[in-house]
Structures are given as C-alpha cells and as structure tokens.
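Number of protein chains: 2
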Amino acid sequence: MLKDFKGFRSIDKEELRSGIREEREHLSASQMKLPEAKLPVMVIFEGWNAAGKGELIGKVIRNIDPRFFKVATMDRHPNEEEKRYPFLHRYIKEIPEAGKIRFYDTCWMEEVVDNVMEGSLSDDEYKKKIRSINITERQLCDNGYLVIKFFLHISKKEQKKRLENLQSDKDTKWRVEKEDLVQNKNYDDYLEVFERYLEDTNSSRAPWYVIDAKDKKEAEYQILQYLNRGIDVALTNTKMNVPILQNTFPMKKLPKLAEIPLEGKTVSEEEYDAELEKLQKELSDLGNRLYRKKIPVIIAYEGWDAAGKGGNIKRITEALDPRDYVVEPIASPEPHEKARHYLWRFWTRLPKTGHITIFDRTWYGRVMVERLEGFCSENDWQRAYNEINEFEKELTDWGAVIIKFWIQIDKDTQLQRFTDRQNTPEKQWKITDEDWRNREKWDLYEDAVDEMIAKTSTAFAPWHIIESVDKKYARLKALRIVIEQIKKRLS
Amino acid sequence: MLKDFKGFRSIDKEELRSGIREEREHLSASQMKLPEAKLPVMVIFEGWNAAGKGELIGKVIRNIDPRFFKVATMDRHPNEEEKRYPFLHRYIKEIPEAGKIRFYDTCWMEEVVDNVMEGSLSDDEYKKKIRSINITERQLCDNGYLVIKFFLHISKKEQKKRLENLQSDKDTKWRVEKEDLVQNKNYDDYLEVFERYLEDTNSSRAPWYVIDAKDKKEAEYQILQYLNRGIDVALTNTKMNVPILQNTFPMKKLPKLAEIPLEGKTVSEEEYDAELEKLQKELSDLGNRLYRKKIPVIIAYEGWDAAGKGGNIKRITEALDPRDYVVEPIASPEPHEKARHYLWRFWTRLPKTGHITIFDRTWYGRVMVERLEGFCSENDWQRAYNEINEFEKELTDWGAVIIKFWIQIDKDTQLQRFTDRQNTPEKQWKITDEDWRNREKWDLYEDAVDEMIAKTSTAFAPWHIIESVDKKYARLKALRIVIEQIKKRLS
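Dropping the structure here:
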C-alpha cells in the first residue's frame, strides 16, 4: 500500500483552497447529525514520525464543536499499570460514546510495529495481535462504530529534513526523540513492517487511507474528504443488520437445563463444614500463588433469581485476600455505558494481572435480559454469541483463567425462596417486582439460557452448571471447580 | 494517642466469642439499611506494618454482601501516572457511592508519614498536606459520608516477632519488604510521626480509633464495635443540616452583573483578525512552555445560554496542540456521579501536569442550576461556596493555573440569539425548551450569579467577566486573560 502509493494528484492552489473550504463547511454541518444518529466515530492517525499527526488533528478539529470530540494521545509504550492489562485495554478504554468523535493520536498500530522493530514479537505473536486487532475493529464496526484509519506517509528524505528542522530550533529541539532518528535511519526496514501491517489490517469495513503528508494543506484536504465521505456513508447506514458469522471456536457440548437432574445433589451438614474448610484453605493458598505469578482470574456468575449466587460468591471470597479480588455486581448499564460497545463496561472492569474479578451477572445479559426485554435488536444478540466468544478468547490468550457458572434451580425452588424472602423482613430487600415479572417468563429464559450455553461453551471458557437446590452442595461444587481450574493454569 | 494508649481491656474468651457473634450479626443486618439511607461509608485502615490490616479487613467483610462493598488497596507510593495529579487524587477517585462501603487498605496517612520519614517533606509542606486532608475529610462528612478511621497498633516487640515469623516461612517470606524492617528498626521515630499525624487529623466528625492489634480476635471485636456504632449513628443522621463555615480566604471584589456596562465593548473586523492571529500565536508558544514545565491549567466557562461560550472556547483551543488539552462539556450528572460527592466528577476530570482542561460549564452548577431547580438542599448549596473555594485552593496549591470566565450578555441579546437559532436550521440543535424555561428565571439566576461571584472570587482563583454582546470582543478578551494568567504563572 505504501510501496505502490502514487501520492496526491496535483491540483492548483485555487482548487485546493476552495476544496478545503467546502470540506470544512461540510464537516461543520455533519457533526451536528452525529448525536441524533447516535453514531460513534473513531478516527485513527498513524504514520511516520514527524509526518504531522498532531498538527493535522489540530486542523481537523477546528471545524468541530468541542462538545463533539476528544483527542486520545497514546504513549508509544504502555506504562507499568497498563502493562498489567491486555494490550488492547488502554485503547478500548478510550472508545467514543454514541454521537461523539474520538481522534487517536496513534493507536494499536504504533505499538505493534514498535514491538516488531524491537524484536520483542515473534511471528506467531505478531499474527495473534493482528487477529485481535482485526476482531476488535470488526466488532466495533458491527456495533455501529465508524472506524476511519489514516496513515500519514512521507519519504525518507522528507522525514530527515523535518527532523533536522526541528532539531535546529531551540524551541522545538526537545520534540525530536531518539526513536525518531532511529526510524529515519532504518526507514526501509520500517517501510516493510508498515506495509505488512497495513495489508494485514486492511478491511472493507475499516479500510486504510494512506495520506500523502508532504504538503500540509494537501494532507488536510485528503483527510477532510475521507472523513466527510466516511461520515456521510455511515449516516445512511444506521440501524443496518450485520451478517451473523459462523462459529469457528472449538466447543464443549453440555446438556440442556431440563436434562440436568437436580434431585440428590445434596450434602450433609457435617460433610459441608469439613469440606468447606478444606477447600477454602486450598483456595487461599492458590490465591497467593496466583498473586505471585501475576495470573488474572475472571469468575462469571449467572443463574436464576434466588438461585444462591450471593452466598456462593461469598464462599469463594472468604478464602481470598481482600486486597487481591473485587466483586463487580452488574446492574443495567448507566447512560455512558449504554452509549458504548456493550462489552466496554466489562473491558474497563477487568482484573489486572495477579488479581481476581468476580462478576455477579455478566456480559451474558446481552443474550438473556437484553434479548428478552427487547433492549437490543435481534441482530445484536444473534451476533453477540460470537462476539462474546471472541472477547473471552482474547482474555484467555492474555493469560486469564475464565470460569463461568450457571447456578441452576427449578421453578418450584425459586417460588419457595421468593415466598420466604417476601415473608422475612431482613430479606425483603432481596426481592423486587421485577423478580416476579422475570419469573413469569421462565420458559423463555430457559430457552435463551440453553441457546447461550450451547453457543458459548467454548473449549477455552466452558460453562459450569451448578445444581443449587441445596445451596451447600452448590458452594462446594463451585469451590472445587475454581480450585481445579486455577490448578490447571498453574501447572 | 498511641503513647498513652492503654490497650484493649481484658475480657474472657466466652465474652469475646459471643461479643463478636453479636457484632457480626448486627453488621449483617445494618448493611441492608445503607442503600435505602443512601449512606456512603469510608473505612480507612492504617497502622504499623504487619499489624494485620489485610487480614482484619478480610474478617470484617465476611459479614457484608459483596454487592455492598469494595476494597481499595493503595500502593505505598503513587506510580508515575498518579504523580501527575494532586496527591489526594488517587484516594478521592476511590470514594464510595451512596449505599456502599469502601475499605481503604491504607489511605493518605501512610503516604504522608512515609514522606516525613524519608525527609522529603518540609514542615510547611507537612502542614499543608494535613490541612488538605482535614478539609477533605470534613467535606466528605459534610456531604453525608461516614468516615471511620482505624489505626492498628502493635508494640515494637510484637512487630519484630511477626516479621520474623513471616520471614521464617518460605511461603510468606516474600511478604516482608525492606520497608517493614526499616520501620521496626526505627520504631520510636515512627511512633513520634504517627502520634503527631493522629493528633493533627483527629476530628469529632472523623475521629481516630486506635485498635489494640496484638490479638486478632480482640482486634476484630474492637473494629466491629466501632464500625457498627458508627453506622448506627450515621443512619440516624441522614438529612441533617451542617453548619455553614465562615469564609477564611482572601477575596477579590467584583461588581454585580447589572453594574457592568456592555455597550461599546466591540471590536472592528480588521482589529479582530489581526489581534486574534497575534494572540493565538502567543498562546500557542505558551502552551508549549506549559507542557515542558509540566504546569496544569484549568479553564472554567460559565455564562448565560447563547452567550457565546462555544465559540470562545474554540478560539482558545485553536491555539493549542490537540494532544495537550481536552474540553469537558458538563451536563447533568450520571447516576454514578450523583451518588458521590458532587466535586468527584470534577476531581476525576482534572488535567495531568502539563495539560489543559477546559470545562464547558463547571462545579458551579451546584450554586446555580442545582440551587434554583432544587436538585440539592439549601444547606448543600450554601455550604458549596466554601467547599468550592477549598477545592480551587487545593488545585492552585498543587501548582495549577485556574481561570474562571463568566460570559456576560444582556437579556435582549439572548432573545435575539435564541430567535436566530430557532430560525436557522443548522443552529436548531443548539436551542432547547430548557433554554427557554431557564430564560424565564433570568432574574433568579442573576441573583445567584451575583452571589456566586461575590463568594467565590478568591484572590487565587478570581472570576473574570467577559462582555460578550460582541462575541469577537469577548474572544479577544478571554484570550488576553488566559495569556496573562499563564505568563504570570510561568514567571
């Protein structure tokens, strides 16, 4: 893409001037349509050092009301804190909300290319990162994001000239870093890596636009044109359905809920007390080892209302050092969460390495409550199975242990517990009208759960069904699974 | 407080056992009352290294549903990113929302004491930090927070024994850090500094509870008792009015809005173009110097609807490197923001050193729209003048430049602009029914603004009134003030 790049067609000054003026006016006008269309826009600037990314972003945003955009300036290297999350984390944290534009002054490309040039990335690791990036960009597009990617291109000679100019002025000298000079010296090597990256991540949903950045005015003109055309197209695209992808992950087959026997899954008081102590002791030791080995753990709880999730979680956390874990109760999303990709609020709640996050309800809300209550479109939840599998794959590839529990009871048991809660003053806060309403939809939920389990029980993050008519039995079973999964990861 | 500490009265095993049981049950019961009472609870654990903070937090939270609490584990030293914010920032970020408990595994005390022991804090700087901490704790209490502070006390001998025990076991050896050993060696010096800190920050609203931590069970009992009594009292205290404090800050006297002549504050087209270019060039250079000198800048915009804030902000940002600033448009708070101290959403939007944040509407909403629309109580907004002055003092002490603009127009000009917006299709998004409703309350707002300006024009962060009937005049004036204030700070 760079090697056969022809450069900007030459046009005369007058044409350029009027062209820029027109495009600026167009952008000023279309920015106002973004909030109504609820369109989130990511504009990614990559390119050669000294190609003028900052300056060009500065020119483009002159035409946009500050209420509608923000600039995310990403450091070349993640800091110590950021290194404790998946590499995509610091970029995904910054995605815009609906109706807003986020400009990235470099994004995941720069980090990957730097890694390659430093030799810190094997070919396999490079391919894995490319896969992650392509999945992320596709997911963003599928969920209504407009992703526009610019690569600012200059020649070796031009780059050298610019760096020398910067260095010769005492006010700008500090802007030239050692890395810039190294890049110019090894321009041809970088060109190879850039070229490969651009080809590897060029997709029809989120294509690359190579910008001839030799002349600032011409570069601005090209950028404004692509940006405006991109927004124009995206504005006509809202509420489109997206093709549902085939599953490509290895799956683990699990029975349907109705096929799971619940009777007899009990434990005696004595056995419970003895086992609980033993298992918690074991988990406590494992927790220390996880912390020291910097392994992140994600435990996801789903299940029927009143199935006993809370008490179950408690038996896990009791065994852990309170500094090492956090429980995230998930309710309906707040406005700033709803306005972003639905996995964003989980990305931003991930544990850092060595820590454990327990989700009390999870991202699976998408294919249960959001599906059944119509909070998202059919296309949205149909697509979500694969998106979630990709999300969990990303996390296990990062090194996380993911343990997903479905806490299972039957309808009669739920009724008993609801009634008990209603009749016990200290428990009344636990039961709401919504619980009763959900109960009426039991059969619909059961179908949705069966489909969810069938479609998201991947080999790397399978569901575990926990029979919980006897809560004590359920607690021991969950503890044993957590212990087993952590041990597997530690070995 | 430590030197004359008598230790825990001895009680027999049976009394202790039943006491703990009772307190645990009490805590289990009262946690449920927190959401309804909308009570946010901060429980701060400080104390000697190896006194058992983590373990005791672990015991206490066993009695609380994970939905109701989180543990904030604060590193002994701020990381590089955290160092670029005011020292309170990383703690304030973590304050709980209404109805939740946040346990701090060490808070601002540890950092200050460490600084003193390292010799990196002069006596004046120490006093300044103590003042900041006392103000913060008082503000939290005044805004409905329950703040409970525990200091876990053990003797030099006991600490030595514990550290030796940890070191002798290969599984726990890694937990002992050099700093722990240094503390034990210099126990008496630490005792002096702890003692002074405890006395300096002991207040009736947020008193210290010194816990005899020699025996773990006894320590748990003491902690549970204090925690339960604290919550019991706080639950009876909700919706109490808080005394309004006298102003202690030097003020700058400004005229009332009605006294400010608006006519004649105009500029010719030619002068505007020439001056704008000159001033933006100057600001652009200053922006680079701020970045290099790592000085943070906060620009706060308030003003009448349609006064021209947006265009005014634009003329500032045009001169800045887009990587160095961010514009924060402030709308009504989201649920997770409303559930916290009202300044929290501004604390979490502060610029880091070397950066500029421009607030399009600000924390002054408290004494304008929230006051007039009844979104907070009279006591709340009456108290806010001083709280805001304290907040801004904290920021200027940190080294920030704060520039506050009131963009002023008269009622006729507003009507003209409203009508113009209504009649121009591309501007219609800028005008809402709410704007018309606010306009009806012009006189009430004017009184509120006069009071706000009179009470918050401190010498360190005065208001600047910008006459904006001629928007061009207003833009030049704002630019000049920004330049002047930054220059003052740089010199």
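Each protein sequence line maps, in turn, to chains Z and X.
Everything in the first sequence is counted per this note's numbering, starting at 1 for the first residue and increasing by one.
Everything in the second sequence is counted per this note's numbering, starting at 1 for the first residue and increasing by one.
From the three backbone atoms N, C-alpha and C, an ideal C-beta is built for every residue, glycine too.
The structure displayed is predicted, hence computed values, not measured ones.
Residue span of the beta strand (DSSP E) that contains residue i, given as start and end
i, result
"Z/F150", "L146 to H153"
"Z/I299", "V297 to G303"
"Z/K404", "V401 to Q408"
"Z/H464", "W463 to E467"
"Z/W344", "Segment W344 to W347 is the alpha helix (DSSP H) holding Z/W344; no beta strand (DSSP E) there."
Which residues DSSP lists as bridging residue i, in chain order
i, result
"Z/R102", "Z/M42 and Z/K70"
"Z/P329", "Z/D360"
"Z/G47", "Z/L152"
Residue closest to residue i, alpha-carbon to alpha-carbon, out of the options
i, options, result
"X/Q408", "X/T172, X/E137, X/A219 and X/E263", "X/E263"
"X/H355", "X/G399, X/L39, X/P335 and X/Y385", "X/G399"
"X/S28", "X/V182, X/I231 and X/R439", "X/I231"
"X/G162", "X/R371, X/V267, X/A50 and X/L34", "According to the sequence shown, residue 162 of chain X is Arg rather than Gly. The shortest C-alpha separation from X/R162 is found at X/A50."
"X/V401", "X/R383, X/I358 and X/W436", "X/I358"
"Z/L140", "Z/G310, Z/S203, Z/S168 and Z/K127", "Z/S203"
"Z/T73", "Z/E275, Z/G58 and Z/E387", "Z/G58"
"Z/Y91", "Z/G119, Z/V43, Z/L276 and Z/E125", "Z/V43"
"Z/L395", "Z/Q422, Z/T348 and Z/V482", "Z/T348"
"X/N386", "X/T136, X/V112 and X/G99", "X/T136"
"Z/P296", "Z/E80, Z/D285 and Z/P351", "Z/P351"
"X/I388", "X/E328, X/G374, X/P462 and X/A274", "X/P462"
Straight-line gap, residue i to residue j (C-alpha atoms, nearest Å)
i, j, result
"X/D12", "X/K217", "12 Å"
"X/K214", "X/A339", "38 Å"
"X/W208", "X/Q222", "13 Å"
"X/D171", "Z/G287", "12 Å"
"Z/E446", "Z/L257", "7 Å"
"Z/P78", "Z/W174", "21 Å"
"Z/I61", "X/D324", "13 Å"
"Z/A478", "X/R371", "51 Å"
"Z/S468", "Z/G144", "39 Å"
"Z/I244", "Z/V147", "20 Å"
"Z/S498", "Z/V369", "Outside the shown range of chain Z (1 to 491) lies residue 498 of chain Z, about which nothing can therefore be said."
"X/A454", "X/K253", "7 Å"
"Z/A384", "X/A37", "38 Å"
"Z/L283", "Z/L320", "7 Å"
"Z/C107", "Z/G52", "15 Å"
"X/V326", "Z/W442", "48 Å"
"Z/Y291", "X/W406", "52 Å"
Neighbour list for residue i in chain Z, Cβ cutoff strictly below 8 Å
i, result
"X/N143", "The premise fails here: X/N143 is roughly 21 Å from chain Z at the closest Cβ pair, so nothing lies under 8 Å."
"X/M32", "E426 and W429"
"X/V297", "Chain Z residues near X/V297: none, gap ~15 Å exceeds 8 Å."
Boundaries (first-last residue) of the alpha helix (DSSP H) holding residue i
i, result
"Z/D4", "Premise fails: Z/D4 is in no alpha helix (DSSP H) and is neither H nor E."
"X/H442", "The amino acid at residue 442 of chain X is misidentified as His; the sequence shows Trp. Note, X/W442: alpha helix (DSSP H), W442 to T456."
"X/V210", "Here X/V210 belongs to no alpha helix (DSSP H); instead the beta strand (DSSP E) covers W208 to D212."
"X/I135", "D123 to D142"
"X/L257", "Looking at the DSSP string, X/L257 is not in any alpha helix (DSSP H), and its letter there is neither H nor E."
"X/N379", "E378 to W398"
"X/G310", "K309 to T317"
"Z/D65", "Neither: Z/D65 is in no alpha helix (DSSP H) and is coded neither H nor E."
"Z/I231", "K216 to N237"
"X/N423", "K411 to N423"
"Z/E22", "K13 to Q31"
Listed by chain order, chain X residues near residue i by CB distance under 8 Å
i, result
"Z/G310", "D65, P66 and R67"
Per-residue contacts from residue i into chain X (C-beta, under 7 Å)
i, result
"Z/D321", "G54 and G58"
"Z/A29", "E426"
"Z/N79", "E80 and E81"
"Z/E110", "The contacting residues do not exist; Z/E110 stays about 14 Å from chain X at best."
"Z/Y136", "For clarity, residue 136 of chain Z is Thr in the given sequence; the question names Tyr instead. Within chain X, no residue comes near Z/T136; the closest Cβ sits about 23 Å away, beyond 7 Å."
"Z/P40", "By Cβ distance, chain X contributes nothing, its closest Cβ being about 16 Å from Z/P40, past 7 Å."
"Z/R62", "E318"
7 Å Cβ cut-off: residues of chain Z touching residue i
i, result
"X/W174", "R292"
"X/P333", "What X/P333 touches in chain Z: nothing, since even the nearest Cβ is about 10 Å away."
"X/R437", "The contacting residues do not exist; X/R437 stays about 21 Å from chain Z at best."
Proximal chain Z residues relative to residue i, where beta-carbon distance stays under 9 Å
i, result
"X/N423", "Within chain Z, no residue comes near X/N423; the closest Cβ sits about 16 Å away, beyond 9 Å."
### Task
Identify each residue in the segment 91-109 of chain Z for which the Cβ-Cβ distance to at least one residue of chain A is less than 8 Å, and report them in chain order.
No chain A appears in the structure shown, which is made up of the protein chains Z and X.
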